[in-house]
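Quick notes on the structure that follows.
Number of protein chains: 2
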Amino acid sequence: MTLLDDLASLLGDELLIDDDARRSRARDTWPRSEFDQWQARLVLPAAIAMPSTTERVAETVRLCRAHGAPMIPRGAGSGCVGGVLASPDSVVISTEGMSGLRSLDPVDGLASFGAGTMGIDAENRVRQDGFTIGHWPQSIEISSVGGWVATRASGQYSTAYGNIEDIVYSVEAVLPDGSIYRSRPTPRASAGPDLRQLLLGSEGALGIITEVTFSLRPLPEPGVRQAFHFEDMATGIDAVRGVIVPGWLPPVVRLYDAGETRRHFRDHVPKGRCVAIFLHEGPPGHAALEAVAVAELCRAGGGEQADLGAVDHWFEHRNTVPTWTELFEQGLVADTIEVATGWGQLARLYTSVTDAISAVPKVIAATAHSSHAYRSGANLYFTFAAQPSGPEEYQSVYDACWTAAMQAATGCGAGISHHHGIGRVRRTWMADELGDAGVGVLRAVKAALDPDNLMNPGVLVPD
Amino acid sequence: MTLLDDLASLLGDELLIDDDARRSRARDTWPRSEFDQWQARLVLPAAIAMPSTTERVAETVRLCRAHGAPMIPRGAGSGCVGGVLASPDSVVISTEGMSGLRSLDPVDGLASFGAGTMGIDAENRVRQDGFTIGHWPQSIEISSVGGWVATRASGQYSTAYGNIEDIVYSVEAVLPDGSIYRSRPTPRASAGPDLRQLLLGSEGALGIITEVTFSLRPLPEPGVRQAFHFEDMATGIDAVRGVIVPGWLPPVVRLYDAGETRRHFRDHVPKGRCVAIFLHEGPPGHAALEAVAVAELCRAGGGEQADLGAVDHWFEHRNTVPTWTELFEQGLVADTIEVATGWGQLARLYTSVTDAISAVPKVIAATAHSSHAYRSGANLYFTFAAQPSGPEEYQSVYDACWTAAMQAATGCGAGISHHHGIGRVRRTWMADELGDAGVGVLRAVKAALDPDNLMNPGVLVPD
Chain R
579 MTLLDDLASL LGDELLIDDD ARRSRARDTW PRSEFDQWQA RLVLPAAIAM
629 PSTTERVAET VRLCRAHGAP MIPRGAGSGC VGGVLASPDS VVISTEGMSG
679 LRSLDPVDGL ASFGAGTMGI DAENRVRQDG FTIGHWPQSI EISSVGGWVA
729 TRASGQYSTA YGNIEDIVYS VEAVLPDGSI YRSRPTPRAS AGPDLRQLLL
779 GSEGALGIIT EVTFSLRPLP EPGVRQAFHF EDMATGIDAV RGVIVPGWLP
829 PVVRLYDAGE TRRHFRDHVP KGRCVAIFLH EGPPGHAALE AVAVAELCRA
879 GGGEQADLGA VDHWFEHRNT VPTWTELFEQ GLVADTIEVA TGWGQLARLY
929 TSVTDAISAV PKVIAATAHS SHAYRSGANL YFTFAAQPSG PEEYQSVYDA
979 CWTAAMQAAT GCGAGISHHH GIGRVRRTWM ADELGDAGVG VLRAVKAALD
1029 PDNLMNPGVL VPD
Chain S
579 MTLLDDLASL LGDELLIDDD ARRSRARDTW PRSEFDQWQA RLVLPAAIAM
629 PSTTERVAET VRLCRAHGAP MIPRGAGSGC VGGVLASPDS VVISTEGMSG
679 LRSLDPVDGL ASFGAGTMGI DAENRVRQDG FTIGHWPQSI EISSVGGWVA
729 TRASGQYSTA YGNIEDIVYS VEAVLPDGSI YRSRPTPRAS AGPDLRQLLL
779 GSEGALGIIT EVTFSLRPLP EPGVRQAFHF EDMATGIDAV RGVIVPGWLP
829 PVVRLYDAGE TRRHFRDHVP KGRCVAIFLH EGPPGHAALE AVAVAELCRA
879 GGGEQADLGA VDHWFEHRNT VPTWTELFEQ GLVADTIEVA TGWGQLARLY
929 TSVTDAISAV PKVIAATAHS SHAYRSGANL YFTFAAQPSG PEEYQSVYDA
979 CWTAAMQAAT GCGAGISHHH GIGRVRRTWM ADELGDAGVG VLRAVKAALD
1029 PDNLMNPGVL VPD
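Here it is as structure tokens:
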């Protein structure tokens, strides 16, 4: 029996082999593979498995393993770092067949969803019961809850509500050997290493996440919005630090450089200024108290109150995700690169990376904003655009921008990825991130759990 | 050359082989091994290595590995689950030689300490610069910062400030192969699995933590203290849930059952009542706002304001740690067992475990308090005492109490350890905690990183 025969006999109509199905699931939204698709040279997988239960995922994994077939776990495909990319002999195992609410416990504030549930559907479902997940990635309308875990995602409300690792209560996953792992559903444990953390950020290389349970929050009262603009990024960074360090935690804290402020908020903020927008939420009375305190801190830090329309504009457009192909057709390549570092290095990181990208020939824009703040530092989320001479230059210009940014970032001591993950685009710099010993640990864990390297080969783990 | 010759030549006076040195570091404060010491039948290790630098730790590890000698990493020995227990052929690698501040960055709010630094010394040091670590285990005066990481510790202020995994910024460790791992010092990363999490809770079985960097908080303004007493634990649990779920986060939230309330707070709380004590801290204005809101919620939940002396009493005695030998001499065996579960099961867990322990012959007390609260649940921290007929019964009575508690806890779906770790005393129940697939992952990781099982054999990983 061939692999496809065996899969068909196991999965029936949960196996797709038509071209359309394979083409639409052969990649994520990494610009490089979108470019390949645009150029009609995308490689398709052998088949798409879309098992509807965890047990069927496990059987699919065991079958692929028996045939030595590479497996590519895939959620909704909104990842942007090349975490999903088919090879001709591979089977894409999609979580699309496992979606929807599995249980909701209003006393403990827990909701379990099949991994393929779309983020926005999960959020809307818990809202019916008066809860919020509190995780708002820009991709919420096009990403799955399993993908959030697999990529160790961040949401726009992270400054108060944490990143995905702070919101996930328990996970269920099929491991590379076909066994089913379910983490103990408890609020906290000291029972050895937290094994969930091997799945958070595993990018499909250590297993397939099949179910995610979130620790919910009650829907808060309507929040308070405000915005301030600053002379430059360094001043804005100091002001945001001045808000966070004493313990204020607005769910949304975003600081845009002058270029992005102009691009997004030109109707609301004077030219050349850097805008910081805040959303305050919390238990009764907290948001009002915090808003007043933050306003005082921003003014003391050189900020001037900005038109509230800036915040409203962001809220209206915050889930908009661009399509790379639209840009290709205009002769442009672009991407985003998010990294993080301590407060003391943040202004230098901003300058170093934007300068480094700007120095790449054909680059026409390199800007940034900070969207996630922590006690000891924050992220910077860079956007670049370039206008190569023609499609034959797209890849080299794109790669040159990434190399420039990563070298500048690691040169400042920054981490190489704040929240998009590693995939293929950042793999070269994993030794900078983890050190030789850390790469050794990652390789050892991968080899121990997936000795034949069949689970999403090519991502995350450096060669 | 024998192992001891080689070690002496490497370490000089950083190797101790005298009986006193070996006896005082042959164990942690697990009641069972303290009992063995009291009975003068404690096994001593071959030697105590006390390397003063990370590089020397690495050389010590490589040397022990070359000789096939078991290594037992040890901090200050305040662990209470049998995580440190010598065998005659083993080398205890103590972190005592690596203590003190290594760096302090006031801008990022980061402080790095040698792993052997005592907790209270680290806290006092950062206070000189206006910071707090915010981690207050009861053992703070007798535990080391490396031990906090190795045991995945919790502190008394965890409800607002998090547990050790929320406070640690980066770690340095010597891995079982003698390589030195340093996690990238960034505020957050999506760069594969968070490898620090393999060391958090590793209990010496996956490496030796040599340095810990904390993300600090500025010292808060003096907080607001208050206490309320409730009719029973179920009512108190509901009230605490009513405080936590809307988003209030007092650093200290402790609810004692009637037995412990009587034992500790008899001068301040009416007999038969369960007291809840709160400490509120935060940025300016927050503590006052929270205190008023929490008082209203507690009263609405059936609470009556308690004498503030109860809170003061707790603050005065909160770092007192009993000595088991004092109890042995009085004919008593005792221990504490902390577990955690969701809000909805907490009252049942309280009753099940206290009933199960109370049913063990010779038991004279089984009480509990809850000391760490989360959005979706909380811990319970049980204390038992028994009066066996004589020392020959100490061990069997002790074991029977643990078995009764663990069976009752797992029967309620609780996690088997909230913060003390696994060590030897809980190893039997690791399959309940992790499931078969989880045990498989833990074993695979252990085998991958420590193929000869030389690093603290006998703890954590089930046989």
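Top to bottom, those sequences are chains R and S.
First residue of the first sequence? That's 579 in this note's numbering, and the numbers climb one at a time after it.
First residue of the second sequence? That's 579 in this note's numbering, and the numbers climb one at a time after it.
All residues carry an ideal CB built from backbone N, CA and C; glycine is no exception.
Whole-number beta carbon distance between residue j and residue i, since they are thought to touch under 8 Å
{"i": "S/Ile742", "j": "S/Ala731", "result": "5 Å"}
{"i": "S/Ala946", "j": "S/Thr932", "result": "6 Å"}
{"i": "S/Glu859", "j": "S/Ala865", "result": "5 Å"}
{"i": "S/Val746", "j": "S/Arg774", "result": "7 Å"}
{"i": "S/Arg610", "j": "S/Gln973", "result": "7 Å"}
Distance CB(residue i)-CB(residue j) smaller than 8 Å
{"i": "R/Leu1032", "j": "R/Pro715", "result": "no"}
{"i": "S/Cys852", "j": "S/Ala878", "result": "no"}
{"i": "S/Phe709", "j": "S/Pro629", "result": "no"}
{"i": "S/Ala912", "j": "S/Gly881", "result": "no"}
{"i": "R/Ala884", "j": "R/His846", "result": "yes"}
{"i": "R/Ala647", "j": "R/Leu581", "result": "yes"}
{"i": "R/Pro829", "j": "R/Leu857", "result": "yes"}
{"i": "S/Gly687", "j": "S/Leu794", "result": "yes"}
{"i": "R/Asp584", "j": "R/His645", "result": "yes"}
{"i": "R/Ser721", "j": "R/Ala693", "result": "no"}
{"i": "R/Ala943", "j": "R/Ala963", "result": "yes"}
{"i": "R/Pro861", "j": "S/Gly968", "result": "no"}
{"i": "R/Val662", "j": "R/Ile650", "result": "yes"}
{"i": "S/Ala1022", "j": "R/Leu1027", "result": "yes"}
8 Å Cβ cutoff, residue i in contact with chain S
{"i": "R/Leu776", "result": "yes"}
{"i": "R/Gly922", "result": "yes"}
{"i": "R/Asn741", "result": "yes"}
{"i": "R/Val685", "result": "yes"}
{"i": "R/Leu773", "result": "yes"}
{"i": "R/Pro754", "result": "no"}
{"i": "R/Glu789", "result": "no"}
{"i": "R/Ile994", "result": "yes"}
{"i": "R/Val1023", "result": "yes"}
{"i": "R/Val823", "result": "yes"}
{"i": "R/Ile815", "result": "no"}
{"i": "R/Glu1011", "result": "yes"}
{"i": "R/Leu867", "result": "yes"}
{"i": "R/His947", "result": "no"}
Cβ-based burial, residue i [other Cβ within 10 Å; buried from 16]
{"i": "R/Ser668", "result": "buried"}
{"i": "S/Trp765", "result": "Checking the sequence, you will find Pro at residue 765 of chain S rather than Trp. Buried."}
{"i": "S/Gly657", "result": "buried"}
{"i": "S/Asn702", "result": "exposed"}
{"i": "S/Thr898", "result": "exposed"}
{"i": "R/His996", "result": "buried"}
{"i": "R/Pro798", "result": "buried"}
{"i": "S/Lys849", "result": "exposed"}
First and last residue of the uninterrupted alpha helix (DSSP H) at residue i
{"i": "R/Glu743", "result": "742-745"}
{"i": "R/Glu971", "result": "969-989"}
{"i": "S/Met649", "result": "Not the alpha helix (DSSP H): S/Met649 falls in the beta strand (DSSP E), residues 649-652."}
{"i": "R/Ile815", "result": "811-822"}
Short CB-CB distance (under 8 Å) between residue i and chain R
{"i": "S/Glu633", "result": "no"}
{"i": "S/Gly1018", "result": "yes"}
{"i": "S/Ser967", "result": "no"}
{"i": "S/Ile698", "result": "no"}
{"i": "S/Arg760", "result": "yes"}
{"i": "S/Tyr952", "result": "yes"}
{"i": "S/Cys674", "result": "Sequence inspection shows Glu at residue 674 of chain S; the Cys mentioned does not correspond to that position. False, the Cβ-Cβ gap to chain R never drops below 8 Å."}
Host beta strand (DSSP E) of residue i (start-end)
{"i": "S/Asp913", "result": "911-920"}
{"i": "S/Gly697", "result": "First-last for S/Gly697: 697-705, but that is the alpha helix (DSSP H), not the beta strand (DSSP E)."}
{"i": "R/Arg844", "result": "That residue, R/Arg844, is in no beta strand (DSSP E); it is neither H nor E in DSSP."}
{"i": "R/Ala805", "result": "802-808"}
{"i": "S/Gly1042", "result": "Any answer about residue 1042 of chain S is impossible in this case: the structure gives chain S only from 579 up to 1041."}
Test: residue i CB closer than 8 Å to a CB of chain C
{"i": "R/Tyr959", "result": "No chain C appears in this structure, whose protein chains are R and S."}
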